[in-house]
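S.K.:
Protein chains in written order, with the numbering used here: chain A, 1 to 148; chain B, 1001 to 1148.
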């Protein structure tokens, strides 16, 4: 008699892993979220305006802290992909829907997601997100006066 | 008679490419800087507080704009590495030395650098840097109230 236990998520592509990551953010599902990450103590996560988080425990603790305040209605848009056989870099513009005292608003976050192909499928190894913008970010604009 | 032209930089490791990238920033050397990047129209660069820059022309234009104001005295420190056979992710804390009206100061930038092994050696494909902090960033701290 076959087991009724569903097979673990295959995560057969970086796109599938990315979809799982953002769905888990929207659902506030910490287990599903962490299952998108590689089981590697060198994983790195930088939230907008936050410190560098290295390792599974630190990354998990930060997401648990966020989920204690609610879910995150973030949607990846305008994905640009750099694909190689064992790794992928996705640059996404995240549209984050927020409820504010003035009603619903969207903010934009520029994020870089890096995936590696592991024996357990494609997994997230780095997520770096910059502070949100109220306006949709311009593309390929000339950088103005920035630190570097 | 052998050519006297020096061989192109081998860029035999992600570390070598990273060293070239930061040396070129310090020297304001646009050709050396761009030689550290992959020859790929999907390369991505996000400067602190800046827009997403995609492609060689946009990335080059932003660095040329910066160099028109001076060199960038940025030094990668506390590098964390995720290495795979054909790609590498380096998370660095950049110490950026600045001259201010109050004298010399250091600012800190959190940067994620992604490298891929190409036929021309290890090349940078993504550089994502977050706005600088005046204090040395804490490590693995619990994220406070952030957008996500």
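Backbone N, C-alpha and C define an ideal beta-carbon position, used for all residues, glycine too.
All figures in this text were calculated on a predicted structure; none of them were measured in a lab.
Does DSSP classify residue 1027 of chain B as helix, strand or coil?
M.R.: Looking at residue 1027 of chain B - three-state DSSP - the assignment turns out to be helix.
S.K.: Considering only C-alpha positions, which residue in the set B/1124, B/1062, B/1053 is nearest to residue 1086 of chain B?
M.R.: Closest option to residue 1086 of chain B, Cα to Cα, is B/1124.
S.K.: Whose Cβ in chain B lies nearer than 7 Å to the Cβ of residue 27 of chain A?
M.R.: The premise fails here: residue 27 of chain A is roughly 13 Å from chain B at the closest Cβ pair, so nothing lies under 7 Å.
S.K.: Can you give me the C-alpha to C-alpha distance between residue 1096 of chain B and residue 1057 of chain B, rounded to a whole angstrom?
M.R.: Taking the straight line from one Cα to the other gives about 25 Å.
S.K.: So what does DSSP say about residue 1071 of chain B, is it helix, strand or coil?
M.R.: Residue state, collapsed to three classes: coil.
S.K.: Any heavy atom of the ligand GDP inside 7 Å of the beta-carbon of residue 1083 of chain B?
M.R.: In terms of ligand content, the structure shown is empty, and the ligand GDP therefore cannot be addressed.
S.K.: Considering only their Cβ atoms, is the gap separating residue 1011 of chain B from residue 1121 of chain B smaller than 8 Å?
M.R.: Contact flag set, yes.
S.K.: Identify the continuous beta strand (DSSP E) that holds residue 94 of chain A and give its terminal residues.
M.R.: Per DSSP, residue 94 of chain A belongs to the beta strand (DSSP E) from 87-100.
S.K.: For residue 77 of chain A, count the other beta carbons within 10 Å of its own beta carbon; 16 or more makes it buried, fewer makes it exposed. Which is it?
M.R.: So residue 77 of chain A ends up on the exposed side.
S.K.: Going along chain A in order, which residues have a C-beta closer than 9 Å to the C-beta of residue 1039 of chain B?
M.R.: Under the 9 Å cutoff, chain A gives no residues; its nearest Cβ is about 12 Å from residue 1039 of chain B.
S.K.: Any C-beta of chain A sitting closer than 8 Å to the C-beta of residue 1126 of chain B?
M.R.: Answer yes: the Cβ-Cβ gap between residue 1126 of chain B and chain A drops below 8 Å somewhere.
S.K.: What's the C-alpha gap between residue 1068 of chain B and residue 16 of chain A?
M.R.: Going by the C-alpha atoms only, they are around 42 Å apart.
S.K.: Along chain A, which residues have their Cβ under 7 Å away from the Cβ of residue 1104 of chain B?
M.R.: Result: empty, since nearest Cβ-Cβ is about 15 Å, beyond 7 Å.
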